[in-house]
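Read the structure below first, then the notes.
There are 2 protein chains.
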Amino acid sequence: MSKKNAFYAQSGGVTAVINASACGVIETARKHKDKIGKVYAGRNGIIGALTEDLIDTNKESKSAIAALRHTPSGAFGSCRFKLKSLEDNQREYERLIEVFKAHNIGYFFYNGGGDSADTCLKVSQIGEKMGYPITAVHVPKTVDNDLPITDNCPGFGSVAKYIAVSTMEASFDVASMCATSTKVFVLEVMGRHAGWIAAAGAMASTDDHEIPIVVLFPEVEFDQKKFLASVDEKVKKFGYCSVVVSEGVHWPDGRFLAETGLKDAFGHSQLGGAAPVVANMIQDGLGYKYHWGVADYMQRAARHIASKSDVDQAYATGKAAVEFALKGHNSVMPAIKRTSNKPYRWKIEMAPLSKVANVEKMMPKNFISKDGFGITKKCREYLAPLMKGEDYPPYKNGLPKYVTLKKVAVPKKLDSFEI
Amino acid sequence: MSKKNAFYAQSGGVTAVINASACGVIETARKHKDKIGKVYAGRNGIIGALTEDLIDTNKESKSAIAALRHTPSGAFGSCRFKLKSLEDNQREYERLIEVFKAHNIGYFFYNGGGDSADTCLKVSQIGEKMGYPITAVHVPKTVDNDLPITDNCPGFGSVAKYIAVSTMEASFDVASMCATSTKVFVLEVMGRHAGWIAAAGAMASTDDHEIPIVVLFPEVEFDQKKFLASVDEKVKKFGYCSVVVSEGVHWPDGRFLAETGLKDAFGHSQLGGAAPVVANMIQDGLGYKYHWGVADYMQRAARHIASKSDVDQAYATGKAAVEFALKGHNSVMPAIKRTSNKPYRWKIEMAPLSKVANVEKMMPKNFISKDGFGITKKCREYLAPLMKGEDYPPYKNGLPKYVTLKKVAVPKKLDSFEI
Numbered sequence: 270m271s272k273k274n275a276f277y278a279q280s281g282g283v284t285a286v287i288n289a290s291a292c293g294v295i296e297t298a299r300k301h302k303d304k305i306g307k308v309y310a311g312r313n314g315i316i317g318a319l320t321e322d323l324i325d326t327n328k329e330s331k332s333a334i335a336a337l338r339h340t341p342s343g344a345f346g347s348c349r350f351k352l353k354s355l356e357d358n359q360r361e362y363e364r365l366i367e368v369f370k371a372h373n374i375g376y377f378f379y380n381g382g383g384d385s386a387d388t389c390l391k392v393s394q395i396g397e398k399m400g401y402p403i404t405a406v407h408v409p410k411t412v413d414n415d416l417p418i419t420d421n422c423p424g425f426g427s428v429a430k431y432i433a434v435s436t437m438e439a440s441f442d443v444a445s446m447c448a449t450s451t452k453v454f455v456l457e458v459m460g461r462h463a464g465w466i467a468a469a470g471a472m473a474s475t476d477d478h479e480i481p482i483v484v485l486f487p488e489v490e491f492d493q494k495k496f497l498a499s500v501d502e503k504v505k506k507f508g509y510c511s512v513v514v515s516e517g518v519h520w521p522d523g524r525f526l527a528e529t530g531l532k533d534a535f536g537h538s539q540l541g542g543a544a545p546v547v548a549n550m551i552q553d554g555l556g557y558k559y560h561w562g563v564a565d566y567m568q569r570a571a572r573h574i575a576s577k578s579d580v581d582q583a584y585a586t587g588k589a590a591v592e593f594a595l596k597g598h599n600s601v602m603p604a605i606k607r608t609s610n611k612p613y614r615w616k617i618e619m620a621p622l623s624k625v626a627n628v629e630k631m632m633p634k635n636f637i638s639k640d641g642f643g644i645t646k647k648c649r650e651y652l653a654p655l656m657k658g659e660d661y662p663p664y665k666n667g668l669p670k671y672v673t674l675k676k677v678a679v680p681k682k683l684d685s686f687e688i
Numbered sequence: 270m271s272k273k274n275a276f277y278a279q280s281g282g283v284t285a286v287i288n289a290s291a292c293g294v295i296e297t298a299r300k301h302k303d304k305i306g307k308v309y310a311g312r313n314g315i316i317g318a319l320t321e322d323l324i325d326t327n328k329e330s331k332s333a334i335a336a337l338r339h340t341p342s343g344a345f346g347s348c349r350f351k352l353k354s355l356e357d358n359q360r361e362y363e364r365l366i367e368v369f370k371a372h373n374i375g376y377f378f379y380n381g382g383g384d385s386a387d388t389c390l391k392v393s394q395i396g397e398k399m400g401y402p403i404t405a406v407h408v409p410k411t412v413d414n415d416l417p418i419t420d421n422c423p424g425f426g427s428v429a430k431y432i433a434v435s436t437m438e439a440s441f442d443v444a445s446m447c448a449t450s451t452k453v454f455v456l457e458v459m460g461r462h463a464g465w466i467a468a469a470g471a472m473a474s475t476d477d478h479e480i481p482i483v484v485l486f487p488e489v490e491f492d493q494k495k496f497l498a499s500v501d502e503k504v505k506k507f508g509y510c511s512v513v514v515s516e517g518v519h520w521p522d523g524r525f526l527a528e529t530g531l532k533d534a535f536g537h538s539q540l541g542g543a544a545p546v547v548a549n550m551i552q553d554g555l556g557y558k559y560h561w562g563v564a565d566y567m568q569r570a571a572r573h574i575a576s577k578s579d580v581d582q583a584y585a586t587g588k589a590a591v592e593f594a595l596k597g598h599n600s601v602m603p604a605i606k607r608t609s610n611k612p613y614r615w616k617i618e619m620a621p622l623s624k625v626a627n628v629e630k631m632m633p634k635n636f637i638s639k640d641g642f643g644i645t646k647k648c649r650e651y652l653a654p655l656m657k658g659e660d661y662p663p664y665k666n667g668l669p670k671y672v673t674l675k676k677v678a679v680p681k682k683l684d685s686f687e688i
């Protein structure tokens, strides 16, 4: 049995383009049938591996797999489930290897963010230790854009485009209404610790059409007085103002503006509701009529306005992951390297997982303007190419034609396993 | 001075396609230079007429006017300002006629909803009375889709498309996450009294891909127990559920779920925040993890995903308004008449303003499903064509290329006027 099967799983919050990476993995594996047998996908991510709930992607047609490229969300299901450390839970890692062994799986492609990179690294290490070597390659994905080494993360460019477009459109709207009605529009965006997505909101203001935008970054301690003064100055000058507030914005004592007290499976605080908090401040402090929106899942699922750069890179990293594995590289991740800004050019390089796992890339200090409420030219130059190009999905009866897979289960061979 | 100028103004909340109507009015007027002189636009709507703050649209290039077709918001500025009744405020109506007289304006094109139709009708009546006849034609516009006689209202189809696409995309997202994380997504949409926009959310579920969606209509008294039971049933069956809640949903005693206590210039209650109220109910009553979004201005400004039917109709009503006026019709409105559903065909007819003003069209009872949480086949057949077709704006550097007009002021001839 020299020809091994592959396992692919989606992890954590899904994006508009994570399925494009899945498409890259599966299409590339199908081109190398001499070396890779079947691609099994984990139903609901790594949980599918632990419970031996595998999906046989060979049962999906060529056109269905191709359609993953334009379908948002995680087609095989994702999960928020972090494997504990090897010391604390060797049982789960051993189970993974047991399942891989039972299904002749020699390749492990894990599509996620920083936590998943760590899991990917550990799977490779435990396989080695248990005498069942696994070629583990991480496929980067996160709207938070916080993975190190790679210039940017697949998933982010499309959120950035969605937020920039939405901020532009809503700002045009407020500008039309501000003489007698709404003067401030507040948009809440994702980003717990890094302000990459919030920064994208500032891209709505261009040389062709200046828009007054105040950005609230999680990297900058919230200063209510300075903030209100900045909004007031813009309303007095332009007649209106837009505010883009990251869900992760916090007070000097560390409390989030939107704190709810809940935590998710990774131990992260559950956030939501910074926009109404900020909007009420504006009403109370300045008396301006406001409107507020919360982009929530819409921003990361908005495949209809995905960035072409992002779709291309998501596909390319999936493809490269398989190619790296076939060349015998282990515990690595395809990283995006920007080789030129104008015109935008990029290539895929290889990053060792040991340098990726558990490292969070913040916004560089010189990307945030001195007053803390905007972005610098450097940031603009970084963000612009990532939002470049449109890549519309096909439509049917006015709605995007997203694919739904059959998701046929692979027959189980092992006893059940309690997570 | 047989050749009269025209006055055009945008009223109330703007939309993704109100500028397409402006484009229709101006381009059509420019084709009839023998009969219509200049088109003056009111800066910030009717306030521009009262304050004699007119914009000379002749100063805008052909390409700038053409670009209005793909630019959201109100390019000339809109306003929330309702003229009082003739008895209560004859002074304002007389001022309008005075301004029209001073600038040789014989045509009044007013682009708005029900309140504006009423103003349009009164302007025509007072002109007659004051011996300065004005040909007043109303151009329909409202995302609320609540004008009578016309099959649908320009502005609505694009919001419907945006909400259906967003609900579909966010639902795909939740479906991927529901095994271990979010099980319910709540999206708040506009619609104070009529549930047209909320109904569009249900269109996200198609024959190709069923999505469990619970819709909360303003037409249906909110029943918390029944609502939670419906959500629970869907989560148990599908693993997840999406909720589309109209801002106008209210308790049996009439209080809005999202009541804030504020009122706008038209005396309408200012709403916001139904989504978090509903999400908290789900958390408390069912214990499911939720996410919520508020589409707010994004939904009505989303020109990037406008419906082609809607753009075409917005333009056609603007064009027809000028043609009606040139034929000598007064106090009328171009109405959309659906002549066939499959294939979708429509034409423009003429509706008398006396039958349009101050009449609010609600959702027909047979459009809402028996349980009160969904839409019927009849509703589906009505909505589908309105969302049909894509009409993408041009892009530059990853962002839509929306036009900003010069908005050159017409020199004033009269004394100033206090509103």
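Those protein sequences? They're chains E and S, same order as listed.
Note that the first sequence ends on residue 688 in this note's numbering; no numbers are left out.
Note that the second sequence ends on residue 688 in this note's numbering; no numbers are left out.
Glycine included, every Cβ here is placed at the ideal spot set by N, Cα and C.
Cutoff 8 Å: residue i Cβ touching any chain C Cβ
i        : result
VAL443/E : Any reference to chain C falls outside this structure, whose protein chains are E and S.
Through-space distance from residue j to residue i, alpha-carbon basis
i        : j        : result
ILE605/E : ASP579/E : 11 Å
ASP325/E : PRO680/E : 9 Å
GLN539/E : GLU528/E : Residue placement at GLN539/E is flagged as unreliable, the pLDDT there being 49, under the threshold of 50; a coordinate-derived value is accordingly withheld.
PRO669/E : PRO633/S : 28 Å
ILE315/S : VAL392/S : 11 Å
LYS682/E : TYR309/E : 14 Å
ASP387/E : MET472/E : 33 Å
SER280/E : SER385/E : 7 Å
GLN359/S : CYS389/S : 14 Å
ASP533/E : PRO621/E : At ASP533/E the pLDDT is 48, less than 50, meaning the model places this residue with poor confidence; the figure from the coordinates comes in the next sentence. One C-alpha to the other measures close to 28 Å.
ALA589/S : PRO612/S : 23 Å
TYR262/E : SER638/E : Any answer about residue 262/E is impossible in this case: the structure gives chain E only from 270 up to 688.
SER576/S : PHE593/E : 43 Å
THR234/E : VAL547/E : As displayed, chain E neither begins before 270 nor continues past 688, which places residue 234/E out of reach and without an answer.
C-beta neighbour in chain E for residue i, strict 8 Å
i        : result
PHE686/S : no
ARG649/S : no
ALA564/S : yes
ASP533/S : Interpretation of ASP533/S is limited by its pLDDT of 48, a score under 50 that renders its predicted location unreliable; no figure is taken from the coordinates.
TYR379/S : no
TYR557/S : no
HIS339/S : no
ALA333/S : no
ILE324/S : no
Burial state of residue i (16 or more Cβ within 10 Å)
i        : result
LYS430/E : buried
ILE688/E : exposed
VAL677/E : exposed
ASP640/E : exposed
GLU488/E : buried
GLU479/E : exposed
8 Å Cβ cutoff, residue i in contact with chain S
i        : result
HIS301/E : no
HIS407/E : no
LEU668/E : yes
ARG349/E : yes
LYS675/E : no
PRO481/E : no
LYS430/E : yes
ARG692/E : As shown, chain E starts at 270 and ends at 688. That puts residue 692/E outside it, with no answer to give.
ILE644/E : no
PRO545/E : yes
Beta-bridge partners of residue i, as assigned by DSSP
i        : result
SER511/E : PHE454/E and ILE482/E
LEU323/E : GLY311/E
ARG614/E : SER609/E
Distance between beta carbons of residue j and residue i, contact taken as under 8 Å
i        : j        : result
CYS510/E : PRO481/E : 5 Å
ASP420/S : TRP615/S : 7 Å
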